[in-house]
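What follows is a short report on a single structure.
Residue numbers (the working numbering): 576 to 773.
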């Protein structure tokens, strides 16, 4: 059975357009479709296209079809979005980018702040053992004693949710199969939500 988004609509492909009404984006989507499934009208992006067919080229597809759902190639830190702002940014199991060091944290959250609309939110869904993004590095990044040179130009209200919190507030995350870029299945045990402050 074909996959539909949370509003019951079939998936669609989106070419980037600064003036469209697509206000959600997933970075580093790999071959997954979390953004398209749970946030209708969502761009799905990655550094490169997986070496498999795009879902739109399949005569039929379901959650087990060996295809991908990437709308366009995009480097998170350098892609030119012009004046486009997003209400929701999604990153699942970041690899190769994140906030391991204070300088990375500043660059990461400055970029997020540039892309989010006022009161927009970033969701990072991952495992605590992910070296690029976990509770320890988040707490360091938002420590009030962090040197000003490493602080983002934007302020955020943030919360983290462990397994129980995910089950209570974001149960749809549990209904999704997450995989690494090497197709190893993972079970996220932490979800971070960062809301941009005015």
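In this text, a Cβ means the ideal position worked out from N, Cα and C, and glycines have one as well.
Query: Sequence-distant residues of the same chain with beta carbon closer than 6 angstroms to residue 692, five excluded per side; Result: 660, 662
Query: Segment contact, 8 angstroms Cβ cut-off, at least three pairs: the segment 637-647 with the segment 670-682; Result: no
Query: Cβ-Cβ distance between residue 761 and residue 751 below 7 angstroms; Result: no
Query: Burial state of residue 734 (16 or more Cβ within 10 Å); Result: exposed
Query: Any C-beta of chain D under 7 angstroms from that of residue 690; Result: No chain D appears in the structure shown, which is made up of a single protein chain.
Query: The ligand SAH heavy atom lying under 6 angstroms from the CB of residue 644; Result: This structure does not include the ligand SAH; it has no bound ligands of any sort.
Query: Touching by the beta-carbon criterion (3+ pairs, under 8 angstroms), the segment 712-726 and the segment 742-751; Result: no
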